[in-house]
Amino acid sequence: MSSRFVFTGLDELKAQLRQLPAELAGEGADIVQAAADGAFATIAAGYPSRAGALKAKLTVTHTRSPFGARSVVKNTAKEAIWFERGTQARHNKLGANRGAMPANHLFTQTIIRARLRMYAGPFPELLQRAGLTVTGHA
Amino acid sequence: MRSSAITIALINKLLGDAALMALTPDGVFFKVATKSMVTGGNCSRFVIVSLVLATDTPIFNARGFEDALYLVEARVLSSSVAHPLTVAHDAAERIDALLDPQPPAAPATLTIPGYGLMALAREEATEDIEFDDVDESIQWNRCGGHYHLWAAPV
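Just so you know, the sequences run in chain order A and B. Going by the numbering used here, the residue at position 28 of the first sequence is 36; the numbering climbs one at a time, nothing skipped. Going by the numbering used here, the residue at position 114 of the second sequence is 115; the numbering climbs one at a time, nothing skipped.
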């Protein structure tokens, strides 16, 4: 007696698996871009209006490839680090005594929240729609 | 549940360390030194603890644990001591030994009323010198790190 084990639909499965990274990357890039744009808007709105350089030098850039996406929110103003971590030095360029400024973690808080929101909702939903199982996500 | 107990416990742990207090005798402060130059005090060597972000993780319809990220930084005024940068580095090293001791040392402990410490680890080291825009002789040597703390209500 002989036995046979037959897989049916393997070719179709392989074809689908080949398509999966590109499809996921496309939708995933939209999620990443939306999160970064949202974070950018929140940070820009949170900077004090008198601190023009903080807003002017805040940027967001997006890059996409067939297999991934990257968005970078960056602030190149030299004051950005001191706004984020607070200051001790006491004078500004006009000579005004500004005293110590407590840290305002606006940038870090906003970026972490944006990342957490991505991991909590859109990314698991995307993977589940593609038929994958997601466990233990944030 | 008083979440601020976590921050207070962290500050008290640092305040209770004689070696750290020898390096930063003005103390440990939340966000801003209370006896700073702006208030006429002479605070020149101290540690700042600042809460960056705190999030809750629910488990079974209750708060499972709290997750807090802190900036913990020694700040040393350049004119306050002979080798301010070295003092800032030494203080940061001591902070790290208290909050995230590396093997073979045992993990950090922290007594938090109403909570049990799950983990405490440094995520990123920080190091900077802050110059006054007008008087460049005023320099603050700043050294420390971002510390991530997880605590569960008990």
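No residue lacks a Cβ here, since even glycine has one placed at the ideal position from N, Cα and C.
Taking the Cβ atom as the reference point for each residue, do residue i and residue j lie within a distance shorter than 9 Å?
i, j, result
"I113/B", "A6/B", "yes"
"F91/A", "A59/A", "yes"
"A43/A", "S73/A", "no"
"D57/B", "F66/B", "yes"
"V77/B", "T127/B", "no"
"R143/B", "E74/B", "yes"
"D81/A", "T95/A", "For the sequence presented, residue 81/A should be read as Val rather than Asp. Result no, Cβ atoms of V81/A and T95/A do not sit closer than 9 Å."
"T8/B", "F30/B", "no"
"M70/B", "I130/B", "A small fix is needed here, since residue 70/B is Leu in this sequence, not Met. No, the pair does not count as a contact, with Cβ atoms beyond the cut-off."
"A30/A", "F75/A", "yes"
"A92/B", "L21/B", "yes"
"K86/A", "A108/A", "no"
"R93/A", "L15/B", "no"
"V155/B", "I120/A", "no"
"A89/B", "D68/B", "no"
"Q77/A", "H70/A", "Residue identity differs from the one stated: residue 77/A is Ala in this sequence, not Gln. It is a contact, given that the beta carbons lie within the stated cut-off."
"L134/A", "E35/A", "yes"
"S45/B", "S81/B", "yes"
"P104/B", "A120/B", "no"
"Y116/B", "A153/B", "yes"
Please check the pair residue i and residue j, which I expect to be a contact at CB under 8 Å, by giving their CB distance rounded to whole angstroms.
i, j, result
"L118/B", "Y148/B", "That belief does not hold up - the Cβ atoms of L118/B and Y148/B are roughly 12 Å apart, past 8 Å."
"A111/A", "W141/B", "Contact flag wrong, Cβ pair sits at about 13 Å."
"I96/B", "G28/B", "About 13 Å separates the two Cβ atoms, so there is no contact after all."
"I39/A", "L114/A", "No, I39/A and L114/A are not in contact; Cβ-Cβ is about 23 Å, not under 8 Å."
"A122/A", "A47/A", "4 Å"
Can you say whether residue i is buried or exposed, counting buried as having 16 or more other CB atoms within 10 angstroms of its CB?
i, result
"T187/B", "Only positions 2 to 155 of chain B appear in this structure, which leaves residue 187/B out of reach."
"T118/A", "buried"
"H131/A", "In the sequence on display, residue 131/A carries Phe and not His. Burial call: buried."
"I1/B", "Chain B is shown only over 2 to 155; residue 1/B falls outside these bounds and no answer can be derived."
"S10/A", "exposed"
"V50/B", "buried"
"A138/A", "exposed"
Using beta carbons (cut-off 9 Å, strictly below), is residue i in contact with chain D?
i, result
"A49/A", "Protein chains A and B are contained in the structure displayed, whereas chain D is not."
Handout entry: Residues in the stretch 113–124 of chain A having any Cβ partner in chain B nearer than 8 Å
Key = So the list reads H113, T116, Q117, I120, R121, L124, given in the order they occur along the chain.
Handout entry: Completely contained alpha helix (DSSP H) runs for the stretch 74–146 of chain B, where each covers 4 or more residues
Key = Within the stretch 74–146 of chain B, the complete alpha helix (DSSP H) runs of at least 4 residues are 85–100.
Problem - Within 8 Å of chain B by C-beta, residues of the stretch 51–70 of chain A in sequence order - result: For the stretch 51–70 of chain A, the set of positions with a beta-carbon nearer than 8 Å to some beta-carbon of chain B is empty.
Handout entry: Segments assigned beta strand (DSSP E), at least 3 residues, entirely inside the stretch 6–77 of chain B
Key = Fully enclosed beta strand (DSSP E) runs of 3 or longer: 29–31, 46–60.
Handout entry: Interface residues of the stretch 59–77 of chain B facing chain A [CB-CB below 9 Å]
Key = Considering only beta carbons, the part of the stretch 59–77 of chain B lying closer than 9 Å to chain A consists of L70, L72, E74, R76, in chain order.
Handout entry: Entirely enclosed beta strand (DSSP E) segments - the stretch 29–92 of chain A, minimum 3 residues
Key = With a minimum length of 3 residues, the continuous beta strand (DSSP E) runs that stay inside the stretch 29–92 of chain A are 66–73, 76–83.
Handout entry: Near-chain A residues of the stretch 4–15 of chain B (beta-carbon distance less than 8 Å), N- to C-terminal order
Key = Interface annotation for the stretch 4–15 of chain B against chain A: empty, criterion Cβ-Cβ distance under 8 Å.
Exercise for the section: Taking a Cβ distance cut-off of 9 Å, strictly less, list which residues of the stretch 121–143 of chain B are near chain A, in chain order. Expected result: So the list reads T127, D129, E131, F132, D133, D134, V135, D136, I139, Q140, W141, R143, given in the order they occur along the chain.
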